[in-house]
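Worksheet: the structure to be examined is printed underneath.
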Amino acid sequence: MREKTPKELAKLILPRLQLKWFKNTEYANISEKDLENPDSKTEYFLKTVETIQTRLETLEDAPNMLKFFLMEEPAYEEKLLLNPKMKVDKKTAKLAFEKSLELLEKLPEKNFEDHENLKEPFLKLVEELGLKNGQVLWPLRVALTGEQFSPGTFELLAALGKERSIKRITAYLDKTR
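Mapping to the numbering used here: the sequence shown position 93 is 96, numbers consecutive.
Next comes the structure, spelled out in structure tokens:
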């Protein structure tokens, strides 16, 4: 699967996405034909497929791995958000969300074209806050996916894009207050 193009892999994944949660998304009507001449919605779908490609072991794993990308907003999970091992409490998570949102608002859209463009600004933010990477990146990962296991924060931000990332982090911040 790793040697396939995102378009080839998407063609193999689409038939496996006929699940209830997927049928309720704006991506439910994407067809193989759409993959050949993608609009912005199909481009986003292809980008999410590319993001999971290196972690995908079987095609049957694809629906669960794509779910948090394609759902409107992940469920709020406070137990997952708070992580004593990483020293993430409500106060730290709130600070991470607020400062990350400020940073995201300032970043140009082109930074989201490649996850490598997001590393430096976020690692600089972590340093400025006097925190450890996990104290900022863990809450963001949870806000972006609602899951314990997912691609890395920078990959998620790049795949979701600026607008979706801001929307999801804002929703989590509102629930953390």
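Backbone N, C-alpha and C define an ideal beta-carbon position, used for all residues, glycine too.
Coarse secondary structure for residue i, derived from DSSP in three states
{"i": "N32", "result": "coil"}
{"i": "N40", "result": "coil"}
{"i": "N27", "result": "coil"}
{"i": "E60", "result": "coil"}
{"i": "F115", "result": "helix"}
{"i": "K90", "result": "coil"}
{"i": "E46", "result": "helix"}
{"i": "L22", "result": "coil"}
{"i": "E53", "result": "helix"}
Local Cβ density within 10 Å of residue i, reported as buried at 16 or more and exposed below that
{"i": "P18", "result": "exposed"}
{"i": "G133", "result": "exposed"}
{"i": "T8", "result": "exposed"}
{"i": "F152", "result": "exposed"}
{"i": "W141", "result": "buried"}
Residue i: first and last residue of the uninterrupted alpha helix (DSSP H) it sits in
{"i": "E131", "result": "119 to 132"}
{"i": "K70", "result": "65 to 73"}
{"i": "E108", "result": "93 to 109"}
{"i": "E166", "result": "156 to 179"}
{"i": "T148", "result": "136 to 148"}
{"i": "P9", "result": "9 to 16"}
{"i": "L84", "result": "81 to 84"}
Contact check, residue i vs residue j, beta carbons under 7 angstroms
{"i": "M89", "j": "G149", "result": "no"}
{"i": "L110", "j": "L160", "result": "no"}
{"i": "F125", "j": "G164", "result": "no"}
{"i": "V129", "j": "V139", "result": "yes"}
{"i": "A96", "j": "L106", "result": "no"}
{"i": "P66", "j": "L20", "result": "yes"}
{"i": "L62", "j": "L104", "result": "no"}
Any chain D beta carbon closer than 7 angstroms to residue i
{"i": "R58", "result": "Here there is only one protein chain, and chain D is not present."}
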